[in-house]
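For the sequence shown, this note's numbering assigns the number 122 to the initial residue and increments by one for each residue that follows.
Where a beta carbon is used, it is the ideal one built from N, C-alpha and C, also for glycine.
A quick write-up on the structure given underneath.
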Amino acid sequence: MVLFYSMEIITINLLIHQYQFKSSQLIISNMTRKINFIAAAKSMRKPIIGDIGRALGGIPVERPQDLAKVGSGILKKFDGTYLFGENSQFTKQCQIHDSILIQGIDTIILVVEIISDTKIKVQCEDSSQVHIKDNKYKIQPKVDQSQMFEQVWLALKQGKCIGIFPEGGSHDNTTLLPLKPGICIMALGASQKYQTKVKLQPVGLNYFKGHKFRSKVIIEFGVPYEISQQLIDTYAVNKRQAISKLLLEIEQQLKSVTIQAPSYSHLSAVMIGRSLYLPDRTRLSPQDLLQLTKRFSQAFYKLKDHPEVTQALTEIKLYNYKLKALGVKDWEVMRMQKRIYLDLQMIGFNIFMTLICLLFAFPGYIMTIPITIVLNIYAEKERKTALAGSKVKISGKDVVASYKVLASIIIVPIAVIIYTILFYIWLIAYNIVDQESTIKYTMIFLLMWPLYITAMIRSNDGLIRHARKVNSQILFYLYENKYKKLKILREELQNKIRKLVDTFGEEVVQDFSHHRIVQKNQLQSPKSVAELDIQNVFESLLELGI
Numbered sequence: 122m123v124l125f126y127s128m129e130i131i132t133i134n135l136l137i138h139q140y141q142f143k144s145s146q147l148i149i150s151n152m153t154r155k156i157n158f159i160a161a162a163k164s165m166r167k168p169i170i171g172d173i174g175r176a177l178g179g180i181p182v183e184r185p186q187d188l189a190k191v192g193s194g195i196l197k198k199f200d201g202t203y204l205f206g207e208n209s210q211f212t213k214q215c216q217i218h219d220s221i222l223i224q225g226i227d228t229i230i231l232v233v234e235i236i237s238d239t240k241i242k243v244q245c246e247d248s249s250q251v252h253i254k255d256n257k258y259k260i261q262p263k264v265d266q267s268q269m270f271e272q273v274w275l276a277l278k279q280g281k282c283i284g285i286f287p288e289g290g291s292h293d294n295t296t297l298l299p300l301k302p303g304i305c306i307m308a309l310g311a312s313q314k315y316q317t318k319v320k321l322q323p324v325g326l327n328y329f330k331g332h333k334f335r336s337k338v339i340i341e342f343g344v345p346y347e348i349s350q351q352l353i354d355t356y357a358v359n360k361r362q363a364i365s366k367l368l369l370e371i372e373q374q375l376k377s378v379t380i381q382a383p384s385y386s387h388l389s390a391v392m393i394g395r396s397l398y399l400p401d402r403t404r405l406s407p408q409d410l411l412q413l414t415k416r417f418s419q420a421f422y423k424l425k426d427h428p429e430v431t432q433a434l435t436e437i438k439l440y441n442y443k444l445k446a447l448g449v450k451d452w453e454v455m456r457m458q459k460r461i462y463l464d465l466q467m468i469g470f471n472i473f474m475t476l477i478c479l480l481f482a483f484p485g486y487i488m489t490i491p492i493t494i495v496l497n498i499y500a501e502k503e504r505k506t507a508l509a510g511s512k513v514k515i516s517g518k519d520v521v522a523s524y525k526v527l528a529s530i531i532i533v534p535i536a537v538i539i540y541t542i543l544f545y546i547w548l549i550a551y552n553i554v555d556q557e558s559t560i561k562y563t564m565i566f567l568l569m570w571p572l573y574i575t576a577m578i579r580s581n582d583g584l585i586r587h588a589r590k591v592n593s594q595i596l597f598y599l600y601e602n603k604y605k606k607l608k609i610l611r612e613e614l615q616n617k618i619r620k621l622v623d624t625f626g627e628e629v630v631q632d633f634s635h636h637r638i639v640q641k642n643q644l645q646s647p648k649s650v651a652e653l654d655i656q657n658v659f660e661s662l663l664e665l666g667i
């Protein structure tokens, strides 16, 4: 995301758009200054979403892809200049400067002349990439954005803060999408037309399992920087050159506040590599953990041609594959150690805690099953719809969390009311208490049910954690040899990665020895097993509020 704001100086906030409506909500809740977000007009037309967007001062922008319509008939032939259709209605459906979208063809095809219902003259960047054979198509209109840009320029002139996602739409890729030039036109146009000083501030939102409720996100605010006068002067005489240069600057700024990886397997390797490098059972602050992850990501990219790094990356991916095959996590392998008496104690303790958490959470499970089913069905429907209409989404998980939150705003209060009514009917039907007490207990239920569900969710976390510990400890004894080999492999990989960090650290981080996140002496002083077990006991007691 990019922020532009101004009192005397205007700033634009640049954000990575990975979790649709959630991203803007998070930024708004973590900033004291009001932000006017650039939002898709399509979203602003939706009930609830649009109402919230307008209340927050959102500025709608009409995206051409949202207005694209299916064209009549099919496309039969393309000779490099003319596009021929069958049963098409080009004279009625097309306008000059519209674009023809064909599934599977990324080249932009621009309408330059409409000759008949079945023949149009077009222009495209690379005609050799366009192969037509009975293709269905869409017609995307050219949208006049001049009013939107004028609205943004006036907002910047008035000293308002603007938030924008330069990629143009939400996605679940592991890298930046090509940035849209609109951000540059907004910043440079305002600077030129109203002589305002515009600053750009990159904002990175780094999600961890962001499609799930109560997932974690780290928001990193980059250093604001002012657009140079030289670039503004260039924009006055050569807009394309100025926009290209500013886009490149913005891209570099956004990369500085986000984790970049060419694929999910590469990103997984980055996470595993970071985990292996860390001292066993060491906990870093979220900020340090994010910074370390970014360094590993940068290192794997910068040093990809080094044989030692390439080999280490391959071995990490193999280790990750073996983890998945055995159904364990890296931290579980790290803690594997055969101590029969102590293990029996810990298994017994974890089983006891699992049962306690289950007893407390079970009524909540029953009551929240209908809510969970409705939310999952609705979110899955929206995910499939978004995935079908996008060329950049991988699995569509970026829309899941947003729609779960939006749906729960309506569904959860309705569920509370329904359960309260059912509780009241139950008290009346079985004469549990007198009439006066019935109303009193019903009101208590209405107030306490949300609190219980909140506590139940925390208890469920403990249930899952303790059940996993029991599972991993039992599996360790059932497949002891495989686990021992895996632990040996982990130790070998850990030593190799730490040596690589010491060898190549200066090539990734300037003055590495003075900017280490983990000091050398920390790598050789892990906590004892006894310390770990005591820590686990205290964590379990905290779950129960003791």
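May I have the straight-line CA-CA distance separating Leu369 from Asn616, to the nearest angstrom?
-> Reading the sequence shown from its first residue, position 248 is the one you call residue 369. Reading the sequence shown from its first residue, position 495 is the one you call residue 616. Computed Cα separation, rounded: 38 Å.
Using 8 Å as the threshold, is the stretch 244-264 in touch with the stretch 201-220, meaning 3 or more CB pairs across them?
-> The stretch 244-264, when compared against the stretch 201-220, does touch it at the 8 Å Cβ threshold.
For Val521, which beta-bridge partners are listed by DSSP?
-> Here residue 521 is taken as the residue at index 400 of the sequence shown, counted from 1. Val521 has no beta-bridge partner at all, per DSSP.
Where are the beta strand (DSSP E) runs, 3 residues long or more, that stay fully inside the stretch 387-449, in chain order?
-> Taken in chain order, the complete beta strand (DSSP E) segments of 3 or more residues contained in the stretch 387-449 number zero; there are none.
Based on the DSSP output, what are the partners of Ser237 in its beta bridges?
-> Stepping through the sequence shown from its first residue, residue 237 is reached at position 116. Under the DSSP definition of a beta bridge, Ser237 partners with Lys240.
Short Cβ contact (7 Å threshold) for Ala311 with Leu367 = Here residue 311 refers to the residue found at position 190 when the sequence shown is read from its first residue. Here residue 367 refers to the residue found at position 246 when the sequence shown is read from its first residue. Not closer than 7 Å, so no.
Closer than 7 Å, CB to CB, is Thr493 near chain B or not?
-> No chain B appears in the structure shown, which is made up of a single protein chain.
Do you know how far the Cα of Lys641 is from the Cα of Lys104?
-> Because the chain here runs from 122 to 667, residue 104 falls outside it and cannot be looked at.
Coarse secondary structure for Arg511, derived from DSSP in three states = Mapped onto the sequence shown, residue 511 falls at position 390. Note that residue 511 is Ser in the sequence shown here, rather than Arg. In this structure, Ser511 counts as coil in the three-state DSSP scheme.
When you compare each of Lys314, Gln362, Glu288, Ile235 to Phe270 by their alpha carbons, which one comes out closest?
-> Counted from its first residue, the sequence shown places residue 270 at position 149. Looking at the Cα atoms, Lys314 is the closest of the given residues.
Where do the ends of the alpha helix (DSSP H) carrying Pro181 lie?
-> The sequence position of residue 181 within the sequence shown is 60, counting from 1. Element bounds for Pro181: not the alpha helix (DSSP H) but the beta strand (DSSP E), 180-182.
Going by other Cβ atoms of all chains shown within 10 Å of its Cβ, with 16 needed for buried, is Gly284 buried or exposed?
-> Mapped onto the sequence shown, residue 284 falls at position 163. Answer is buried; the Cβ neighbour count reaches 16.
So Pro400 and Leu644 are in contact, right, with Cβ under 8 Å, and what is the actual spacing, rounded?
-> Within the sequence shown, numbered from 1, the residue matching residue 400 stands at position 279. Within the sequence shown, numbered from 1, the residue matching residue 644 stands at position 523. So it is a contact: roughly 5 Å between Cβ atoms.
Identify the residues that DSSP records as bridge partners of Lys190: which are they?
-> Translated into the one-based positions of the sequence shown, residue 190 becomes position 69. Bridge partners of Lys190: Ile260.
Completely contained alpha helix (DSSP H) runs for the stretch 349-392, where each covers 4 or more residues = Counting only runs of 4 or more, we get 350-358, 360-376.
Just checking my contact of Val378 with Glu347 at CB under 8 Å: how many whole Å lie between their CB atoms?
-> Working through the sequence shown from its first residue, we reach residue 378 at position 257. Working through the sequence shown from its first residue, we reach residue 347 at position 226. Actually they are not in contact, since the Cβ atoms of Val378 and Glu347 sit about 18 Å apart, beyond 8 Å.
Which term fits Ile306, buried or exposed, when burial requires 16 or more other beta carbons within 10 angstroms of its beta carbon?
-> Taking the first residue of the sequence shown as position 1, residue 306 is located at position 185. Flag for Ile306 reads buried.
Tell whether a beta-carbon distance below 7 Å holds between Arg154 and Cys282.
-> Numbered from 1 along the sequence shown, position 33 holds the residue referred to as residue 154. Numbered from 1 along the sequence shown, position 161 holds the residue referred to as residue 282. Yes. Within cutoff.
Provide the residue span of the alpha helix (DSSP H) that contains Val554, from first to last.
-> Locating residue 554 in the sequence shown gives position 433, counting from the first residue. Run containing Val554: none; DSSP gives neither H nor E here.
Measure from the alpha carbon of Asp255 to the alpha carbon of each residue in Ser248, Ile223, Ile339, Tyr440, then state which is nearest.
-> For this step, residue 255 is matched to residue 134 along the sequence shown. Nearest option by C-alpha distance: Ile223.
Mark Phe473 as exposed unless 16 or more other C-beta atoms lie within 10 angstroms of its C-beta, in which case mark it buried.
-> On the sequence shown, residue 473 is found 352 positions in, with the first residue counted as 1. The Cβ neighbour count for Phe473, taken over all protein chains shown within 10 Å, is under 16; the residue is labelled exposed.
Please check the pair Leu607 and Leu447, which I expect to be a contact at CB under 8 Å, by giving their CB distance rounded to whole angstroms.
-> In the sequence shown, counting from the first residue as 1, residue 607 sits at position 486. In the sequence shown, counting from the first residue as 1, residue 447 sits at position 326. Confirmed, Cβ separation roughly 7 Å.
With 16 as the cutoff for other CB atoms within 10 Å, does Arg335 come out buried or exposed?
-> Numbered from 1 along the sequence shown, position 214 holds the residue referred to as residue 335. Exposed, because fewer than 16 other Cβ atoms sit within 10 Å of the Cβ of Arg335.
Please confirm if the stretch 460-478 is in contact with the stretch 580-596, defined as three or more CB-CB distances below 8 Å between the two stretches.
-> The stretch 460-478 is in contact with the stretch 580-596.
What separation, rounded to the nearest whole angstrom, lies between the Cα atoms of Gly192 and Ala522?
-> Your numbering for residue 192 matches position 71 in the sequence shown. Your numbering for residue 522 matches position 401 in the sequence shown. Taking the CA atoms as reference points, Gly192 sits about 33 Å from Ala522.
Residue nearest to Ala482 in terms of C-alpha spacing, selected from Asn441, Leu572, Gln458, Tyr540 = Numbered from its first residue, the sequence shown carries residue 482 at position 361. Ala482 has its Cα closest to that of Leu572, out of Asn441, Leu572, Gln458, Tyr540.
Contact check, Ile230 vs Ile221 under 8 Å by CB: the rounded distance?
-> To locate residue 230, count along the sequence shown from 1; it is residue 109. To locate residue 221, count along the sequence shown from 1; it is residue 100. 4 Å between Cβ atoms; contact.
Which whole-angstrom value is the C-beta distance of Leu671 and Ile149, which I expect to be below 8 Å?
-> In the structure as shown, the chain starts at 122 and stops at 667, and residue 671 therefore has no counterpart that could be examined.
Is the beta carbon of Ser389 less than 7 Å from the beta carbon of Asn327?
-> By 1-based counting over the sequence shown, the position of residue 389 is 268. By 1-based counting over the sequence shown, the position of residue 327 is 206. No, they are not a contact pair.
8 Å Cβ shell around Ile532 - same chain, five flanking residues per side excluded = As a working mapping, residue 532 is identified with position 411 in the sequence shown. These residues qualify, in order along the chain: Ile492, Val495, Leu496.
Indicate whether Glu436 and Leu614 have their beta-carbon atoms separated by less than 7 Å.
-> If you number the sequence shown from 1, residue 436 lands on position 315. If you number the sequence shown from 1, residue 614 lands on position 493. Yes.
Since Pro302 contacts Gln322 with CB under 8 Å, what's their CB separation in whole angstroms?
-> Walking along the sequence shown from the start, residue 302 turns up at place 181. Walking along the sequence shown from the start, residue 322 turns up at place 201. Taking 8 Å as the upper bound for CB-CB distance, Pro302 and Gln322 are not in contact here, some 19 Å apart.
Considering Cys736, what are the terminal residues of the alpha helix (DSSP H) in which it resides?
-> This structure gives no information on residue 736, because the portion of the chain shown stretches from 122 to 667.
Output yes or no for whether 7 Å exceeds the beta carbon distance between Phe597 and Met457.
-> Residue mapping note: residue 597 aligns to position 476 of the sequence shown, counting from 1. Residue mapping note: residue 457 aligns to position 336 of the sequence shown, counting from 1. The criterion of a C-beta distance shorter than 7 Å is satisfied by Phe597 and Met457.
Candidates Leu410, Lys459, Glu288, Asn359: which alpha carbon is nearest Ile339's?
-> Position 218 of the sequence shown, counted from the first residue, corresponds to residue 339. Among Leu410, Lys459, Glu288, Asn359, the Cα nearest to that of Ile339 belongs to Leu410.
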